[in-house]
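If you're matching them up, the sequences are chains Y and H in order. Heads up: the first sequence runs through residues 47 to 310, numbered per my numbering. Heads up: the second sequence runs through residues 47 to 310, numbered per my numbering. Where a beta carbon is used, it is the ideal one built from N, C-alpha and C, also for glycine.
Protein chains: 2
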Amino acid sequence: MKGGLAVFLHLAGMLDAPPVDLSWCFYAGEEVAREHNGLLHLWEARPDLLAADVAVLGEPTGGVVEAGCQGTLRVRVSLAGLRAHTARPHAGRNAIHRLAGILTAIDGFEVRRPVIDGCEYAEQMQVVSVEGGVAGNVVPDRATVVVNHRFAPDRTVAQAESAVRQLLEPFLEPGDHWELLNAAPAAPPALDDPVLSALVAASGDAPRAKLGWTDVAFFAERGVPAANFGPGDPLLAHTPGEHVGAAELAQVASVLDAVLRAEG
Amino acid sequence: MKGGLAVFLHLAGMLDAPPVDLSWCFYAGEEVAREHNGLLHLWEARPDLLAADVAVLGEPTGGVVEAGCQGTLRVRVSLAGLRAHTARPHAGRNAIHRLAGILTAIDGFEVRRPVIDGCEYAEQMQVVSVEGGVAGNVVPDRATVVVNHRFAPDRTVAQAESAVRQLLEPFLEPGDHWELLNAAPAAPPALDDPVLSALVAASGDAPRAKLGWTDVAFFAERGVPAANFGPGDPLLAHTPGEHVGAAELAQVASVLDAVLRAEG
Numbered sequence: 047m048k049g050g051l052a053v054f055l056h057l058a059g060m061l062d063a064p065p066v067d068l069s070w071c072f073y074a075g076e077e078v079a080r081e082h083n084g085l086l087h088l089w090e091a092r093p094d095l096l097a098a099d100v101a102v103l104g105e106p107t108g109g110v111v112e113a114g115c116q117g118t119l120r121v122r123v124s125l126a127g128l129r130a131h132t133a134r135p136h137a138g139r140n141a142i143h144r145l146a147g148i149l150t151a152i153d154g155f156e157v158r159r160p161v162i163d164g165c166e167y168a169e170q171m172q173v174v175s176v177e178g179g180v181a182g183n184v185v186p187d188r189a190t191v192v193v194n195h196r197f198a199p200d201r202t203v204a205q206a207e208s209a210v211r212q213l214l215e216p217f218l219e220p221g222d223h224w225e226l227l228n229a230a231p232a233a234p235p236a237l238d239d240p241v242l243s244a245l246v247a248a249s250g251d252a253p254r255a256k257l258g259w260t261d262v263a264f265f266a267e268r269g270v271p272a273a274n275f276g277p278g279d280p281l282l283a284h285t286p287g288e289h290v291g292a293a294e295l296a297q298v299a300s301v302l303d304a305v306l307r308a309e310g
Numbered sequence: 047m048k049g050g051l052a053v054f055l056h057l058a059g060m061l062d063a064p065p066v067d068l069s070w071c072f073y074a075g076e077e078v079a080r081e082h083n084g085l086l087h088l089w090e091a092r093p094d095l096l097a098a099d100v101a102v103l104g105e106p107t108g109g110v111v112e113a114g115c116q117g118t119l120r121v122r123v124s125l126a127g128l129r130a131h132t133a134r135p136h137a138g139r140n141a142i143h144r145l146a147g148i149l150t151a152i153d154g155f156e157v158r159r160p161v162i163d164g165c166e167y168a169e170q171m172q173v174v175s176v177e178g179g180v181a182g183n184v185v186p187d188r189a190t191v192v193v194n195h196r197f198a199p200d201r202t203v204a205q206a207e208s209a210v211r212q213l214l215e216p217f218l219e220p221g222d223h224w225e226l227l228n229a230a231p232a233a234p235p236a237l238d239d240p241v242l243s244a245l246v247a248a249s250g251d252a253p254r255a256k257l258g259w260t261d262v263a264f265f266a267e268r269g270v271p272a273a274n275f276g277p278g279d280p281l282l283a284h285t286p287g288e289h290v291g292a293a294e295l296a297q298v299a300s301v302l303d304a305v306l307r308a309e310g
């Protein structure tokens, strides 16, 4: 969100006397493991600085309000087998072969698309890693996948984990292991908030759902309505072709400026 | 084959004047990677010491002649995909999900059971390792399995590799990689050899096929008929319960002694 930071710095410099009580929060580590998130560090040290009626996150959204965010969780599923010599595999059970059912089920996951406050979310489920194997002549007794599930704001972490479990249950047996590795809750769109509603109007575009996870969820958890709004194409983020045009920076700055003045 | 070595040492000590021209060959590394195999080292240094009309390998066979041996090969199959954010997986392609077809096909491999010289072989195919994954929020663009195929003596390495390829072909696409990691040929039963035939008769049991790979193939490749015959249950080899009884050691020694005297 370097583009969003540029816009915020520009506005902070321009607005000598902001029309509303305004806090600019610049922090590190918003995309990496939760324990490195600067917003959490700030919250632990000075929660008073984060008191707010509403929050806007400068995530790349192409100058469109992206409402709420989907939650994300990762589970590690480890299947059991029984070792044997590969010349006599029927004396054992191949744990890697057992993955076939799980991979087929997840590949066939039917995307659930709940519409909340007019925004259509799209849940996803993907295997993000797989490992298994003992030796070149051994039927392996363990095979593991990590599954990443992205879930819509109408579900809690527990409900979302339960949905993954329900999909994979037919392929699990005693001796297998199930572990929730990490999870971050979703955030509802909160577009009934008057400031966010004004932001949508000023942006000139219909809002859409944020499909990734962002710190909007941090604010939502603390009762602060929040939305994503910044320059830059989210599909280009983290790619070699990542860029943002000057016109888009100016447009986003202008929209935020207008909303701040209207609220003043 | 510590039991077989014990029998050979016993006979070597007992037979001051062997009734036939006899070479005892004790070597290291018969079960590990081919480059460490002592028989190969000896062959490179002194092939004349391995000149023979027939060879008996002291592998654990429970005192039954196990004829020939199956071949073994390993192929690494690496599937391609396209990276994307797991919140927008349709922008990419999950290479791990693609494994489902391959695992299902191999798990459903129909065991081919050719009968050669009255011995029934049993081909096998097992995935022995799997790996893949980029990061917890990335649709992975690569997933790899290693497949171990055990094949009967009526097929060459090339024919056996082709059989694996044929089974997996429906799941392969341009951009995938196929690599033959290693292979060792099978050996035919060679029970028409008069000495091996006499060994079968003296053992008192019908011969059976050797399903694993052994150095019988080393001799077969060099035109020397060979068979596996030694004390010890092959299903116990390399397990914590590995053992061999004194009676079985004595029986195997007695059979070999009788065959040697009869040939003398």
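6 angstroms CB neighbourhood of residue i in its chain, flanking five on each side removed
i	result
VAL176/H	VAL191
ILE152/H	MET171 and VAL173
SER124/H	THR190 and HIS223
PHE155/H	MET171
PHE217/Y	GLY147 and ILE148
Residue environment, residue i, which counts as buried when at least 16 other CB atoms sit within 10 Å
i	result
PRO231/Y	buried
HIS223/H	exposed
HIS195/Y	buried
PHE197/Y	buried
ARG144/H	buried
PHE275/Y	buried
PRO240/Y	exposed
GLY127/Y	buried
LEU68/H	exposed
TYR73/H	exposed
LEU257/H	buried
SER249/Y	buried
Three-state class that DSSP yields for residue i in the structure shown
i	result
PHE144/Y	It should be pointed out that residue 144/Y corresponds to Arg in this sequence rather than to Phe. Looking at ARG144/Y - three-state DSSP - the assignment turns out to be helix.
GLN170/H	strand
TRP224/Y	strand
VAL111/Y	coil
PHE217/H	helix
HIS195/H	strand
GLU81/H	helix
VAL123/H	strand
VAL66/Y	coil
LEU61/Y	coil
VAL290/H	coil
ALA74/Y	coil
THR118/H	strand
ALA52/Y	helix
ARG188/H	strand
LEU88/Y	helix
GLU105/Y	coil
ARG19/H	Residue 19/H lies beyond the stretch modelled for chain H, which goes from 47 to 310, so this question has no answer here.
VAL100/Y	coil
GLU156/Y	coil
ARG307/Y	helix
Cβ shell of residue i (< 7 angstroms), same chain only, five flanking positions each side left out
i	result
LEU295/Y	GLY49, ALA52, VAL53 and PRO277
GLY178/Y	ALA141, ILE142, PRO186, ARG188, ALA189 and THR190
ARG122/H	THR190, VAL192, GLU225 and LEU227
PRO64/Y	LEU306
TRP259/H	CYS115, GLN116, GLY117, THR118 and ALA230
ALA181/Y	none
Cβ-Cβ separation, residue j to residue i (assumed contact under 8 angstroms), whole Å
i	j	result
ASP292/H	LEU242/H	Residue 292/H is actually Ala in this sequence, not Asp. Actually they are not in contact, since the Cβ atoms of ALA292/H and LEU242/H sit about 26 angstroms apart, beyond 8 angstroms.
VAL161/Y	PRO253/Y	That belief does not hold up - the Cβ atoms of VAL161/Y and PRO253/Y are roughly 12 angstroms apart, past 8 angstroms.
LEU103/Y	VAL262/Y	6 angstroms
LEU138/H	ARG129/H	The displayed chain sequence assigns Gly, not Leu, to residue 138/H. That pair is a contact at about 5 angstroms.
GLY108/Y	PRO280/Y	7 angstroms
ALA266/H	HIS56/H	The pair is not a contact, with the Cβ atoms about 27 angstroms apart (cut-off 8 angstroms).
LEU237/Y	ALA113/Y	6 angstroms
ARG158/H	GLU166/H	Not a contact, Cβ separation roughly 11 angstroms.
VAL100/Y	PRO271/Y	5 angstroms
Own chain, CB closer than 8 angstroms to residue i, minus 5 neighbours either side, in chain order
i	result
GLU215/H	none
ASN314/H	Residue 314/H lies beyond the stretch modelled for chain H, which goes from 47 to 310, so this question has no answer here.
GLU309/H	PRO65, VAL66, VAL241 and ALA244
CYS71/H	LEU85, LEU88, LEU95 and LEU96
Task: Residues within the region 147-175 of chain Y neighbouring chain H, beta-carbon criterion of under 7 angstroms - done: LEU149, THR150, ILE152, ASP153, GLN170, GLN172, VAL173, VAL174 and SER175
Task: Contact residues within the region 193-215 of chain H, judged by C-beta distance below 8 angstroms to chain Y - done: ASN194 and ARG196
- [ ] Compile a chain-ordered list of the residues in the region 127-141 of chain Y whose CB is closer than 8 angstroms to at least one CB of chain H.
- [x] HIS131, THR132, ALA133, ARG134, PRO135, ALA137 and ASN140
TODO: Using a Cβ-Cβ cut-off of less than 8 angstroms, give me the residues of the region 249-280 of chain H that come near chain Y, in sequence order.
DONE: LEU257, GLY258 and TRP259
Task: Residues in the region 175-192 of chain Y having any Cβ partner in chain H nearer than 8 angstroms - done: SER175, VAL176, GLU177, GLY178, GLY179, VAL180, ALA181, GLY182, ASN183, VAL184, VAL185, PRO186, ALA189, VAL191 and VAL192
Task: Within 9 angstroms of chain Y by C-beta, residues of the region 216-228 of chain H in sequence order - done: LEU227 and ASN228
TODO: Anything in the region 103-121 of chain Y with a Cβ closer than 7 angstroms to a Cβ of chain H? List those residues in chain order, please.
DONE: GLN116 and ARG120
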